[in-house]
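Below you'll find the structure, written out as structure tokens, and then a few comments.
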Amino acid sequence: MLSKSVTVKLPSNADARPVAVLVQIASKFDSRIFLIEKNKKINAKSIMGMMSLGFSNGDILEVEADGADETEAVAELAAYIESGK
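Just so we're aligned: 55 in numbering that gives the first Met the number 0 is position 56 of the sequence shown, and the numbers increase by one with no gaps anywhere.
Right under this line is the structure:
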């Protein structure tokens, strides 16, 4: 298992488009992937779960992956979250 803390630099209130992109990125990988904020641990491949997380700019999230491609998964998700796109 691998994890990394990241600071959200996405458009404010993480509207549907950035969340959908995060789910698409996570779904490319075989690993189990979660985003963790405070006490919430959400499956990053679940659009409904991700929408319920409700993170916004400046929040700190933990990206956690477990599986054969966990290194690539954490790196790509962290890069997107921190990119500001």
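Where is the CB? At the ideal position from N, CA and C, for every residue including glycine. No experiment lies behind these values; they were computed from the predicted model shown.
Compare the Cα-Cα distances from residue i to each of the options and report the closest residue.
i, options, result
"residue 45", "58, 36, 22, 83", "22"
"residue 25", "7, 83, 81, 77", "77"
Assign residue i to one of two classes, buried (16 or more other C-beta atoms within 10 Å of its C-beta) or exposed (fewer than that).
i, result
"residue 30", "buried"
"residue 19", "exposed"
"residue 85", "No answer is possible for residue 85: the residues shown for the chain start at 0 and end at 84."
"residue 49", "buried"
Report the rounded CA-to-CA distance for residue i versus residue j, giving the unit in angstroms.
i, j, result
"residue 36", "residue 79", "17 Å"
"residue 57", "residue 27", "26 Å"
"residue 53", "residue 73", "20 Å"
State the DSSP-derived secondary structure class of residue i, mapped to helix, strand or coil.
i, result
"residue 64", "strand"
"residue 18", "helix"
Check for me: the alpha helix (DSSP H) holding residue i runs from which residue to which?
i, result
"residue 9", "Counting along the chain, residue 9 falls outside any alpha helix (DSSP H), and DSSP gives it neither H nor E."
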